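Undergrad: When we follow UniProt numbering, the leftmost residue of the sequence shown carries the number 1, and every step to the right adds one. All C-beta atoms, glycine included, are put in the ideal place defined by N, C-alpha and C. No experiment lies behind these values; they were computed from the predicted model shown. Handing you a structure now.
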Amino acid sequence: MSESKDTGSDKSPDIFSAVKPILATTRLFGLGPFRLDEKKKTLNVFTPGLFYSVVMLFAFTSNAGFLIYTKVVYKDKRIDSYVGLASDMILLTSGIVVTVSCILLAIIQRKKYIRVVRDFYNISFEMSKLNEEIPYEKLQTWSRRYLFILLVVLTLLFLHTVFYTQNLNNVLYMSYLYACFGPKVYNFLMEYQFVSGVFLLKLHFSLLNKSLETFIEGETSENGTKGSLDENVNNNAWTDVFVGRVNKRLMVKTFSITGGKFFSTRPRKFWPDTVEDAIHANSENLQKIKIIRKIHCSACKITKHLNSSFSLQLLTSVAQSFVFITANLYMIFTTLSTSKTFSFLAISHPMLWFATHTVELVTIVLACTKTSKIANYTAVLVHKLLSKDSVPEFRNQLKLFSIQLLHRKVSFTASGFFNLDMTLLQAIIGAVTTYLVILIQFHNTYEIPKKSYTVTDYN
């Protein structure tokens with residue numbers, strides 16, 4: 001009874017309390033069809049939530065189809081060439097692909113989400129054996145900050161989009177708002193789920209590295225000599241062997257002097273407490289390194305499941321960001337080149353969307369890069385331990401751990417097309433620059449009416 005009360009009254013955060021705001025926020029938009037039970041520590045699929053996700057998916061696709069139909073059928077005042085129509089169609093299509101992939105894959109991959117949360121919960125028990133507590137409060141703090149920034153950015157985008165499309169009639173006005181604003185909401189929430197999982201993985205790998213660093217730093221033995229416990233075991237073992245050999249010679253001499261009678265001449269132990277404590281500590285170290293290996297293997301499995309759950313969404317998100325960054329930079333250039341006077345209001349809309357997609361892309365890349373760097377740094381710590389003198393059993397465990405790390409590289413990809421690291425930013429910068437130069441050359445080559453325009457202006 002007392003244990004159940006303690007469990008119920010325990011205020012320390014766990015994985016379920018940490019992901020509660022994430023699930024509550026994403027459930028509103030159909031991305032979290034789950035039911036969380038903090039008391040029973042379970043996360044299950046919520047059937048009404050699945051139905052709600054299907055309804056949200058149908059609503060967005062129907063609206064997008066209606067908007068594309070009206071844009072193709074009805075004439076647009078600003079489309080004096082097919083450049084404007086093509087750019088609008090590309091932006092609308094990319095938004096549809098992102099939104100459909102986010103909602104549809106949230107339904108399909110729901111069991112993987114549950115598996116990831118359960119694996120995190122199981123790792124917490126193994127972490128307790130290392131006397132390490134996972135700082136879930138850091139995830140909660142980060143989650144609140146992310147939600148606040150997300151709310152501010154979405155509010156700015158919404159208000160600016162409302163101002164930018166105010167010349168539409170009522171039906172097209174609401175349809176265009178939903179088509180422009182909806183994909184960004186779903187994209188932000190999908191990244192919110194993914195980056196939260198990556199951030200939690202970073203906390204786990206950091207704690208594992210911290211535990212390994214305690215072996216490298218060494219500990220102070222009871223007799224005041226500083227060094228690792230494994231070295232103390234080796235030194236004291238050699239002392240016992242030397243004393244044993246000396247006493248064996250004394251036994252032979254005593255046998256010859258006393259006429260064939262043995263006296264009790266057991267080998268003496270120098271520093272017996274230190275030897276016994278060191279041997280006990282060595283067994284603890286062996287057990288500790290086994291637990292670290294097990295946790296690292298489990299964390300790598302979580303990385304694989306988390307990445308596979310969001311890989312297609314990340315692919316569409318990065319592709320959309322690339323398209324939007326290129327298109328908005330081109331819109332800024334054309335607006336500035338065709339306007340006789342500089343107007344910040346005219347370029348504020350593309351600048352805001354450009355900044356949003358850039359920050360969004362950089363956030364994903366930085367989160368994945370930092371987590372991969374910390375996770376792969378474990379191999380460096382293991383090889384530092386191998387360079388030190390240690391007992392054979394401990395070295396064997398380190399060698400097994402080294403082989404495990406060789407085959408368990410932590411990295412994040414977008415469906416295997418490219419890695420989510422700094423090389424992605426380098427490639428995108430080069431590609432955006434190339435396509436922007438091509439678009440500017442087309443702009444200067446062909447005759448385009450020189451006038452400033454807004455996004456949409458229907459008859």
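By a C-beta neighbour count over all protein chains shown, 10 Å radius and 16 as the cutoff for buried, is ALA18 buried or exposed?
TA: buried
Undergrad: Can you find a C-beta in chain D that's less than 7 Å from the C-beta of ALA355?
TA: Annotation note: the requested chain D is absent from the structure, which comprises a single protein chain.
Undergrad: Counting C-beta neighbours from all protein chains within 10 Å, is the total for TYR69 16 or more, i.e. buried, or is it exposed?
TA: Exposed.
Undergrad: Exposed or buried, which one is VAL380 when buried takes at least 16 other CB atoms within 10 Å?
TA: exposed
Undergrad: Can you give the Cα-Cα distance for TYR186 and VAL97, rounded to whole angstroms?
TA: In a straight line, the C-alpha of TYR186 is about 11 Å away from that of VAL97.
Undergrad: Quick check on ASN131: does DSSP put it in helix, strand or coil?
TA: coil
Undergrad: Have a look at the DSSP bridge pairing and note the partners of ARG35.
TA: Its beta-bridge partners are ASN44.
Undergrad: Using a 10 Å radius around the Cβ and a threshold of 16 neighbouring Cβ atoms, would you call ILE134 buried or exposed?
TA: So ILE134 counts as buried.
Undergrad: Kindly confirm or deny that the segment 432-442 and the segment 390-406 touch, where touching means at least three C-beta pairs closer than 8 Å.
TA: Flag = no, the segment 432-442 and the segment 390-406 do not touch.
Undergrad: What are the start and end residues of the alpha helix (DSSP H) that includes ALA18?
TA: 15-27
Undergrad: Answer yes if the segment 140-155 comes into contact with the segment 329-340, meaning at least three C-beta pairs across the two stretches below 8 Å, and no otherwise.
TA: no
Undergrad: Within a Cβ cutoff of 6 Å, which residues of the same chain sit near SER94, ignoring the five residues on either side of it in sequence?
TA: GLN320 and VAL323
Undergrad: Would you decide whether LYS39 is buried or exposed? Buried here means 16 or more other CB atoms lie within 10 Å of its CB.
TA: exposed
Undergrad: Can you grab the Cα-Cα spacing for the pair THR358 / VAL153, in whole Å?
TA: 13 Å
Undergrad: Is THR303 buried or exposed, if buried means 16 or more other CB atoms sit within 10 Å of its CB?
TA: buried
Undergrad: Do you know how far the Cα of TRP353 is from the Cα of ILE374?
TA: 32 Å
Undergrad: For ASN419, which residues does DSSP report across the bridge?
TA: THR413
Undergrad: Considering just the uninterrupted stretch of the alpha helix (DSSP H) at GLN397, what are its terminal residues?
TA: Note, GLN397: alpha helix (DSSP H), 392-406.
Undergrad: May I have the straight-line CA-CA distance separating PHE412 from HIS305, to the nearest angstrom?
TA: Taking the straight line from one Cα to the other gives about 11 Å.
Undergrad: Just how far apart, CA to CA, sit VAL318 and LEU361?
TA: 7 Å
Undergrad: When DSSP labels each residue in this structure, what does SER343 get in the three-state scheme?
TA: coil
Undergrad: Contact defined as beta carbons within less than 8 Å: I believe LEU31 pairs with ILE103. What is the distance between those atoms, to the nearest angstrom?
TA: 7 Å
Undergrad: Measure how close the beta-carbons of LEU147 and THR25 come, nearest whole angstrom, since I'm counting them as under 8 Å.
TA: 7 Å
Undergrad: Thinking C-alpha only, which one of LEU43, PHE34, PHE29 and PRO33 is nearest ILE15?
TA: For ILE15, the closest C-alpha among the options LEU43, PHE34, PHE29 and PRO33 is that of LEU43.
Undergrad: What distance in whole Å lies between the Cβ atoms of THR369 and ASN209, which are believed to be in contact at a cut-off of 8 Å?
TA: So it is not a contact: roughly 16 Å between Cβ atoms.
Undergrad: Less than 8 Å between the CB atoms is what I'm expecting for THR363 and PHE205, so what's the real figure, rounded?
TA: No, THR363 and PHE205 are not in contact; Cβ-Cβ is about 19 Å, not under 8 Å.
Undergrad: Return the chain-ordered list of same chain residues with a C-beta closer than 8 Å to the C-beta of VAL117, the five sequence neighbours on each side being excluded.
TA: ILE15, PHE16, VAL19 and LEU43
Undergrad: Assign GLY30 to one of three DSSP states: helix, strand, or coil.
TA: coil
Undergrad: With distance defined between alpha-carbon atoms, name the residue in LEU203, THR99 and ILE107 nearest to GLY182.
TA: THR99
Undergrad: What would DSSP say about LYS388, mapped onto helix, strand or coil?
TA: DSSP places LYS388 in coil when its eight states are reduced to three.
Undergrad: Report the rounded CA-to-CA distance for GLY49 versus PHE34, giving the unit in angstroms.
TA: 7 Å
Undergrad: Can you give the Cα-Cα distance for LEU36 and PHE194, rounded to whole angstroms?
TA: In this structure, the straight-line span from the alpha carbon of LEU36 to that of PHE194 is close to 18 Å.
Undergrad: Exposed or buried, what is GLY197 when buried is set at 16 or more other beta-carbons lying within 10 Å of its beta-carbon?
TA: buried
Undergrad: Drop a sphere of 10 angstroms on the beta-carbon of ARG249, count the other beta-carbons inside from all chains shown, and report buried for 16 or more, exposed for fewer.
TA: Model confidence at ARG249 stands at a pLDDT of 46, short of 50, so the residue's coordinates are unreliable; what they give is reported in the following sentence. Result: exposed.
Undergrad: Give every residue of the same chain whose Cβ lies closer than 7 Å to the Cβ of VAL252, excluding the five residues on either side of it in the sequence, and list them in chain order.
TA: Reliability of the predicted coordinates at VAL252 is poor, the pLDDT of 45 falling under 50, and the value obtained from them is presented with this limitation in mind. Around VAL252, the same chain offers no residue with a beta carbon nearer than 7 Å, after the five sequence neighbours per side are excluded.
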